[in-house]
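Notes to accompany the following structure.
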């Protein structure tokens with residue numbers, strides 16, 4: 203005996219972020235099918251089949267809602283942060299926000315004009331390229347001598363900003379560093395964070411005291427970051443993810459500006475890797491709660 207059955211399912215939810223903010227999209231699906239059984243069992247067969255297929259339709263509606271929710275979250279992020287970094291991890295395949303995106307997403311200072319942001323990015327890239335070129339070749343070149351700096355120099359053309367004042371060799375003469383290696387992009391799949399350290403190296407006989415009270419630091423393999431303007435908490439939150447991943451105990455921010463007579467400033471040092479890493483994880487939780495990524 204055959205029986206024709208029609209079923210439907212629906213799902214409605216609230217999207218709290220993005221261009222669809224506070225909207226309540228509704229999704230529905232319907233299906234019509236036939237079942238065949240004898241008179242005694244047809245009701246039982248129908249009930250079982252309906253339950254299974256209704257669950258499938260319900261899941262279809264729910265997944266459609268989640269897809270729209272993720273699209274809304276992605277559009278919101280793209281609108282708020284034109285220069286964010288959310289990358290697909292080659293190891294686990296999931297999307298990993300960069301630690302700088304996580305760190306800065308709720309900072310008022312991050313909201314600046316497009317021109318201010320472009321200048322800041324260009325200046326940061328120039329100093330990073332110059333320092334990496336020095337670590338790679340041993341030559342401390344001006345930005346104009348390095349092809350990779352050209353697009354960033356074009357961004358700064360006509361603007362009165364300095365970018366060749368920092369003296370890396372002079373810094374190293376005062377604060378020696380050995381075994382220098384340029385950092386590469388890394389992935390923390392457990393916490394879904396990506397990061398790229400500027401420099402991994404070993405501090406060597408650093409004296410950060412005075413002539414009368416010398417304070418010689420223990421030589422440690424360290425993560426370094428080049429910073430035009432050093433915000434200590436911001437810098438160490440960023441570096442802590444790398445330090446934790448590699449099991450390092452020291453983080454150092456190198457001010458890459460030449461505002462002093464000698465062409466460099468003192469490094470900013472922290473050994474509180476665990477403390478800053480906890481702040482980074484809390485920032486990660488807040489980012490996921492807000493954007494769903």
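In my numbering, the protein residues as written are 203 to 495. Even glycine gets a Cβ: it sits at the ideal position worked out from N, Cα and C. Keep in mind that this is a model prediction, so the values were computed, not measured.
For the 8 Å CB-CB criterion, residue 367 and residue 459 form a contact. Within its own chain, the residues whose Cβ lies closer than 7 Å to the Cβ of residue 342, once the five positions on either side in sequence are excluded, are 336, 370, 371, listed in chain order. As a beta-bridge residue in DSSP terms, residue 397 pairs with 388. Judged by DSSP in its simplified three-state form, residue 376 adopts helix. Residue 307 carries a coil assignment under DSSP once its states are collapsed to helix, strand and coil. The Cβ atoms of residue 492 and residue 304 lie no closer than 8 Å to each other.
The beta carbon of residue 229 lies closer than 7 Å to those of 212, 213, 263, 266, 267 in the same chain, with the five residues before and after it left out. For residue 416, the closest C-alpha among the options 423, 407, 424, 422 is that of 407. Cβ neighbours of residue 373 within its own chain (closer than 6 Å, five residues either side excluded): 466. Counted as a single uninterrupted DSSP element, the beta strand (DSSP E) harbouring residue 471 occupies residues 470–472. Within 10 angstroms of the beta-carbon of residue 300 lie 16 or more other beta-carbons, which makes it buried. Contact between residue 443 and residue 479 holds: CB atoms are separated by about 7 Å, below the 8 Å threshold. In the DSSP annotation of this structure, the continuous segment of the beta strand (DSSP E) that includes residue 299 starts and ends at 297–299. Sixteen is the threshold: when 16 or more other Cβ atoms of the shown chains lie within 10 Å of the Cβ of residue 469, as they do, the residue is buried.
Rounded to the nearest whole angstrom, the C-alpha separation of residue 427 and residue 319 is 19 Å. In the structure shown, residue 420 adopts coil according to DSSP, grouped into three states.
Less than 8 Å separates the beta-carbon of residue 494 from that of residue 272. Pairing residue 379 with residue 405 gives a Cβ-Cβ distance under 8 Å. Shortest Cα-Cα distance from residue 484 to any of 395, 451, 414 involves 395. In this structure residue 456 is buried. Its beta-carbon is surrounded by 16 or more other beta-carbon atoms within 10 angstroms. A distance below 6 Å between beta-carbons, with the five flanking residues on each side excluded, links residue 445 to the following residues of its chain, in chain order: 425, 453, 475. Per the DSSP secondary-structure output, residue 429 pairs in a beta bridge with 457. Residue 410 and residue 423 do not touch by the CB rule: their CB atoms are close to 18 Å apart, not below 8 Å. A residue is called buried when at least 16 other Cβ atoms come within 10 angstroms of its Cβ; residue 488 does not meet this threshold and is exposed.
The beta carbon of residue 256 sits closer than 8 Å to the beta carbons of 209, 211 from its chain, once the five residues preceding and following it are set aside; these are given in chain order.
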